[in-house]
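So in numbering that gives the first Met the number 0, the last spot in the sequence shown is 313, and the numbers never skip.
Have a look at the structure below before the remarks.
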Amino acid sequence: MQRVRLGARGPVVPRLLFGTLTMGPLQRNLPVEQGAALICHAAAHGVDFVDTAEYYHTYPYIRAAMRTYPKLMVCTKSYAYDVDGARRSVELAQEGIGRAYIDVFLLHEQESGHTLRGHRQAFEYYLRLREEGVIGAVGISTHHVAAVRAATRWPGMDVVFPIVNRRGLGIVDGTREEMERAVLSAHEAGLGVMAMKVLGGGHLIGAREEALDYALRLPGVDALALGMQSQAEIDYNIACVEGRQPDADCVRITAGAPRRLLVEDWCEGCGRCVQRCGQKALSLRDGRAVVEDARCVRCGYCAAVCPQFCLKVV
């Protein structure tokens, strides 16, 4: 597995990063040992960087995997905006993974320079921990072109983690071409760029090799994160990233139907999911939540606020 440095100041990472969202309680909810075994399988093949977030509740998988691979690289994210919240998030991450050092710590779901300013206290706290050697690199994750542009000019920024895919799916405030230009500008400014939603939340699964090739060849992208729920998916993605033809069995096993967001019949129409969805893919109709499939990126974030647990990515 090829390894690259994330920008001018970030760590050296594999080009393929392991996204843990899909194995966790917001989506598949795999048993901890099963998810940890997948992380270990990937690490054994050079994919030793895992992406998580406080919101994902996947720290237990990483902690279990670290019993076998204690030097796993970890990127996590938090919505904290002030010092107290940032301190709690760092402590929760440290306790969750069972290690004091965190390779990359990001402000989660930033939208623009305005939201960055609103999270300034938290960001500056992470910067202090970077100087103390507790955090390796700091940055943002985002679905917005404006946030990538703002991060490019933000003092102390190391890494950006934006939505990148060949159809521009999930980009809230712009086009694919605008995100491409923002990514390249960030890269030229010395920031590391990790790409998320390369398969568009499952929309591009029918042309996945082309989708992966687009992200791997895009100027400015250092590495890409993919959620992986089976050994076959891991092996398939590793082969594609390494430029090899995937094993025929892996191709067959992983060639499933695209995932979708399911709203169960017992939805009470409380509207919390509608308020939570940054993609504006959910609305209320006849007293229950309805999904606009073309907007949905299958993140599962809505499930975390549903009091009846009637939203699932399947």
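No residue lacks a Cβ here, since even glycine has one placed at the ideal position from N, Cα and C.
Inside the stretch 173-247, DSSP marks whole beta strand (DSSP E) runs of 3 or more residues at positions 191-194, 222-226, from first to last along the chain. DSSP lists L106 as the beta-bridge partner residues of S77. Taking a cut-off of 8 angstroms for Cβ pairs, the stretch 232-246 and the stretch 167-186 do not touch, as fewer than three such pairs fall below it.
In this chain, R271 is not harboured by any beta strand (DSSP E); it is covered by the alpha helix (DSSP H) spanning 271-275.
Where R284 is concerned, the enclosing beta strand (DSSP E) starts and stops at 281-284. Bounds of the alpha helix (DSSP H) holding A92 are 82-96. Minimum Cα-Cα distance from R165 among the listed residues I204, A136, A149, V158 corresponds to I204.
A Cβ-Cβ separation of about 7 angstroms places M0 in contact with H44 under the 8 angstroms criterion.
Counting along the chain, L260 sits inside the beta strand (DSSP E) bounded by residues 260-262. In the three-state reduction of the DSSP assignment, R119 falls in the helix class. Excluding five sequence positions before and after K70, the CB atoms of its chain that fall closer than 8 angstroms to its own CB belong to D47, given in chain order. When only Cα atoms are considered, K196 and Y80 end up about 25 angstroms apart. Under the Cβ criterion (8 angstroms, minimum of three pairs), the stretch 140-157 counts as touching the stretch 96-112.
With the rule of 3 Cβ pairs closer than 8 angstroms, the stretch 2-10 does not count as touching the stretch 21-41. Considered as a whole, the stretch 8-84 harbours 11-13, 15-18, 48-50, 72-77 as its complete beta strand (DSSP E) runs of no fewer than 3 residues, in chain order. One alpha carbon belongs to T75, the other to C269, and they sit about 30 angstroms apart.
The C-beta of R66 has fewer than 16 other C-beta atoms within 10 Å across all chains shown, which makes the residue exposed. Judged by DSSP secondary structure, V159 falls within the beta strand (DSSP E) whose first and last residues are 158-161. Rounded to whole angstroms, the Cβ separation of V273 and R297 is 17 angstroms, and the two are not in contact under 8 angstroms. Between the stretch 118-138 and the stretch 166-176 there are fewer than three C-beta pairs closer than 8 angstroms, too few to call the two in contact. Around the C-beta of R148, 16 or more other C-beta atoms lie within 10 Å, and the residue is accordingly described as buried. Residue nearest to I101 within the set D50, V304, L115 is D50 (criterion: CA-CA distance). Using a 10 angstroms sphere on the CB of P10, the tally of other CB atoms reaches 16 or more, which defines it as buried. Within its own chain, the residues whose Cβ lies closer than 8 angstroms to the Cβ of G117, once the five positions on either side in sequence are excluded, are Y80, listed in chain order. L310 is bridged by DSSP to V262. Under a 10 Å Cβ-count criterion, H202 is classified as buried, with 16 or more other Cβ atoms of the shown protein chains found around its own Cβ.
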